[in-house]
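Working notes, structure below.
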Amino acid sequence: MSDSITNFTEIDTFIDGLPDKNGALIPALHKAQEAYGYLPKEVQLHIAKRLQIPAAKVYGVATFYSLFSLEKKGKYRINVCMGTACYVRSAEVVLKEFAKELKVDIKATTDDGLFTVDGVRCVGACGLAPVVMVNDKVFGRVATADVRGIVEEYLAADHAE
Amino acid sequence: MSNQNTEIRQVRIAMRNCGIIDPSNIMEYIARSGYDALAKAIFEMQPNEVVDVVKASGLRGRGGGGFSTGTKWQFTAAAKADKKFVMCNADEGDPGAFMDRSILEGDPHGVLEAMAICGYAIGAQEGVIYIRAEYPRAVERLYQAIDQAESMGLLGDNIMGSNFSFKISLYLGAGAFVCGEETALMNSVQGGRGEPRLKPPFPAQRGLWDAPTNINNVETFANITQIILKGSDWFRSFGNEDSPGTKVFALAGKVNNVGLIEIPMGLPLRDVVDKIGGGVADGKKFKAIQTGGPSGGCIPAEHLDTPVDFKSLGALGSIMGSGGMIVMDEDDCMVGISKFFLEFTAEESCGKCTPCRVGNMRLLEILTRITEGTGKESDLAELENLSRTVCDTSLCGLGQSSPNPILSTLKFYRDEYLAHVVDKKCPSGTCTDLLNYEVVAEKCKGCTLCKPVCPVNCISGERKEVHIIDQDACIKCGACVDKCPFNAIIKG
Ligand SMILES: Cc1cc2nc3c(=O)[nH]c(=O)nc-3n(C[C@H](O)[C@H](O)[C@H](O)COP(=O)(O)O)c2cc1C
Ligand code: FES
């Protein structure tokens with residue numbers, strides 16, 4: 518489970534700097550996710566208090582949008598594009614291969630906290646289909662045979678740190 | 005794309021500056037008559053004259069709906085209010101399309117200038133761009149462009165010394181397809197869940213923060229400056245009567261040349277696939293071209309001479325959409341494609357209205373059982389019925405169009421559905437549950453090469469004897485097919 522977060526300075530500074538609190542919820546959630554990587558309960562409650570809106574509304578919004586995550590994600594987020602261009606170029610098979618290679622369910626995180634495997638919406642690089650993004654790095658024309666190499670690249674990077 | 009035909013057939017209006025200017029330098033934009041159109045509007049034209057030119061150009065919304073842009077401006081201009089908004093829809097949710105992203109990254113000022121012109125025409129002083137958070141580079145470019153334009157007095161208070169003021173802010177989405185729908189988008193900017201509102205009232209009457217709001221798509225705006233500078237007749241010299249001008253498409257899928265194209269409307273689909281796209285890749289056979297993403301449909305080979313315009317694509321049960329264009333070949337299963345789009349819409353349905361929330365789920369279940377081999381012939385009629393109900397009764401455009409992929413494939417590829425439900429076969433060999441791998445006895449030499457590659461050891465047979473695949477154990481991975489030197493294993 519998550520360690521409880523008690524330091525809210527980053528969100529506070531952001532909210533204090535807003536000219537207008539109307540419509541500030543989504544920007545505040547973006548900020549919080551950037552700071553903590555996800556939106557645990559205590560962060561949502563804090564934002565509700567600071568923006569003076571019901572916690573239910575914060576939860577409702579946080580769960581509506583797919584970019585917000587209530588759970589901690591892996592250090593390396595492997596996102597396989599599931600847009601149409603990638604789909605017709607066998608992205609689904611590539612996604613399954615990553616899950617198999619890492620022995621983890623799709624959308625779940627490996628026990629060591631290193632990898633999260635998921636499918637995402639079109640990342641706008643359709644010409645390179647099928648596309649895989651690991652954090653901010655784009656891999657184009659990925660075949661199942663490339664999957665192990667990509668995973669090993671990040672295992673090595675983590676090891677080097 | 006080096007193909008000469010490509011050069012001849014493409015016309016750049018919306019993308020005229022993309023790849024030509026340095027988008028981070030406002031001077032390069034200005035050098036290509038940037039902000040001339042805004043100056044012309046403010047100093048030489050009355051607001052209603054601006055509306056008239058846009059209306060006369062026949063420009064139709066490029067975000068999917070194809071509504072007359074000039075008429076929309078006219079409605080918002082006519083609304084009486086102290087405060088009005090100009091909004092730019094940069095949510096670009098169609099999976100497999102990136103036109104708006106390229107315009108914003110390649111020519112951000114073209115959109116900012118057009119928004120200011122719209123503000124002048126309708127009497128608004130504030131603009132808001134709603135952009136997907138998935139496009140960080142476009143966001144950065146826009147912030148930079150707004151800063152530069154403000155510091156030169158081209159945006160902000162008293163633009164170019166006139167008494168017209170206009171400022172633009174940015175609002176980031178958070179990953180929800182339905183937020184591309186204009187009223188859901190407004191709810192999102194107001195900090196809520198992106199659920200659509202009932203229309204009427206239309207945004208032109210009551211939009212963002214209940215103020216009259218004109219919302220247009222990125223590409224729609226990208227046409228405006230040229231229409232103001234060159235006139236409506238010039239614009240109408242491209243495209244056809246139904247759909248003047250050009251349209252940007254993201255051509256992808258199984259063609260040799262993939263990428264962004266801007267073509268005059270009315271060009272036959274065949275030219276897009278064969279001339280610009282360079283034909284179907286890997287020598288495969290063309291099966292369909294999909295337009296309009298999850299709200300659109302699949303168009304078969306016999307309709308490839310259809311001109312690309314709003315009316316003709318609509319007549320085929322597809323839509324122009326925002327510009328995704330995906331070519332599919334003989335290996336793509338049309339039932340599978342419908343299922344793919346329904347998975348998308350079922351997940352993206354906001355859940356507010358029942359037909360869309362529940363109906364799309366039921367449609368997806370039917371499609372799933374068809375692809376798994378447990379479908380019945382009566383399922384096809386049920387798909388059709390339920391599809392019509394969802395179209396007719398959903399609250400917003402998402403549900404009203406989500407069954408289009410099913411309806412269009414049922415219409416043009418019905419035999420493929422029938423093969424799934426009657427013969428329990430997938431003609432393109434994609435639905436693994438309907439696949440069998442079998443050894444052709446006459447071709448098998450008993451070389452045993454296939455045996456060790458089978459991950460579940462389900463191939464039996466002695467050396468020099470015909471091998472047999474145990475159908476119950478086979479996981480249909482296809483490893484044996486790739487290994488067999490005699491093409492003795494077939495998938496069917
Ligand atoms: C489910 C749904 C998603 C939409 N997504 C987009 C989008 O991503 N971008 C866009 O410009 N319009 C989108 N639209 C259309 C908008 O509602 C609206 O018609 C458009 O922004 C108007 O601009 P236009 O007249 O310039 O096309 C979507 C509509 C629906 C129903
Ligand atoms: S569909 Fe995968 S990048 Fe667009």
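Sequence order for the protein chains is R and Y.
Quick note on the numbering used here: the first sequence kicks off at 518 and runs consecutively.
Quick note on the numbering used here: the second sequence kicks off at 5 and runs consecutively.
The beta carbon of each residue, even a glycine, is placed where N, CA and C say it ideally should be.
| Asked | Found |
| --- | --- |
| Would you tell me roughly how many angstroms separate the C-alpha atoms of T217(Y) and E186(Y), rounded to the nearest one? | 10 Å |
| Exposed or buried, which one is L535(R) when buried takes at least 16 other CB atoms within 10 Å? | exposed |
| Using three-state DSSP, classify F170(Y) as helix, strand or coil. | strand |
| Is the beta carbon of V331(Y) sitting closer than 8 Å to the one on K258(Y)? | yes |
| Going by the C-beta, is V648(R) closer than 7 Å to any heavy atom of ligand 2? | yes |
| Sorted by chain position, which residues of the same chain lie with C-beta nearer than 8 Å to H563(R)'s C-beta, five sequence neighbours on each side aside? | F525, I528 |
| In angstroms, rounded to a whole number, what distance separates the CA positions of A660(R) and Y671(R)? | 17 Å |
| Nearest CA to the CA of S173(Y): which residue from L612(R), M650(R), P544(R), Q550(R)? | P544(R) |
| Report the CB separation of L63(Y) from G249(Y) in whole angstroms; it is logged as a contact under 8 Å. | 6 Å |
| With a threshold of 7 Å, establish whether the CB of V610(R) neighbours any heavy atom of ligand 2. | no |
| Which chain Y residues are close to I532(R), counting only those with a beta carbon under 8 Å from its beta carbon? | Within 8 Å Cβ-Cβ: nothing; I532(R) doesn't reach chain Y, min ~13 Å. |
| Please report the Cβ distance between G177(Y) and I135(Y), rounded to the nearest whole angstrom; I am assuming they are in contact, meaning their Cβ atoms lie under 8 Å. | 7 Å |
| Residues of chain R with CB closer than 8 Å to the CB of A215(Y), please, in chain order. | Those within 8 Å of A215(Y) in chain R number zero; the least Cβ separation is about 13 Å. |
| Below 6 Å CB to CB, which residues in the same chain sit around K468(Y) once its five sequence neighbours on both sides are set aside? | G450 |
| Taking Cβ positions, are S37(Y) and F239(Y) nearer each other than 8 Å? | no |
| Going along the chain, which unbroken runs of the beta strand (DSSP E) with 3 or more residues stay wholly within the segment 267–344 of chain Y? | 290–295, 301–304, 328–333 |
| On the three-pair Cβ rule with 8 Å, is the segment 387–394 of chain Y touching the segment 425–442 of chain Y? | no |
| Is A285(Y) a contact residue of ligand 2, with contact defined as CB to any heavy atom under 7 Å? | no |
| With 16 as the cutoff for other CB atoms within 10 Å, does H676(R) come out buried or exposed? | exposed |
| When you compare the CB of L584(R) with every CB in chain Y, is at least one pair closer than 8 Å? | yes |
| Mapping DSSP to helix, strand and coil, what is A60(Y)? | helix |
| For Y124(Y), which three-state DSSP category applies? | helix |
| Just to check my reading of the structure: G296(Y) and I265(Y) have Cβ atoms closer than 8 Å, yes? What is that Cβ distance to the nearest angstrom? | In fact, because the Cβ distance is near 16 Å, the residues do not count as touching under 8 Å. |
| For I493(Y), would you say it is in contact with chain R, using Cβ-to-Cβ distances shorter than 8 Å as the test? | no |
| Using a Cβ-Cβ distance under 8 Å, would R638(R) count as near chain Y? | yes |
| Would you mind working out which of I126(Y), I17(Y), S382(Y), L453(Y) sits nearest I231(Y), comparing C-alpha positions? | I17(Y) |
| Compute the distance between the beta-carbons of C484(Y) and C454(Y), then report whether it is under 8 Å. | yes |
| Compile a chain-ordered list of the residues in the segment 183–199 of chain Y whose CB is closer than 9 Å to at least one CB of chain R. | C183, S192, V193, Q194, G195, G196, R197, G198, E199 |
| Which of helix, strand or coil does DSSP assign to I163(Y)? | helix |
| Any beta carbon from chain Y within less than 8 Å of I543(R)'s own beta carbon? | yes |
| Which one of N652(R), A662(R), A673(R) has the shortest CA to CA distance from G591(R)? | N652(R) |
| Assuming G412(Y) and G328(Y) make a contact with CB atoms under 8 Å, what is their CB distance in whole Å? | Correcting the residue identity first, residue 412(Y) is Ser in this sequence and not Gly. Going by Cβ atoms, the distance from S412(Y) to G328(Y) rounds to 14 Å, so no, they are not a contact pair. |
| In angstroms, rounded to a whole number, what distance separates the CA positions of A149(Y) and M365(Y)? | 43 Å |
| Buried or exposed: N539(R), going by 16 or more other Cβ atoms within 10 Å of its Cβ? | exposed |
| Hey, is A602(R) close to ligand 2, as in C-beta under 7 Å from one of its heavy atoms? | yes |
| Counting pairs of beta carbons, one from the segment 108–122 of chain Y and one from the segment 264–279 of chain Y, are three or more of them closer than 8 Å? | no |
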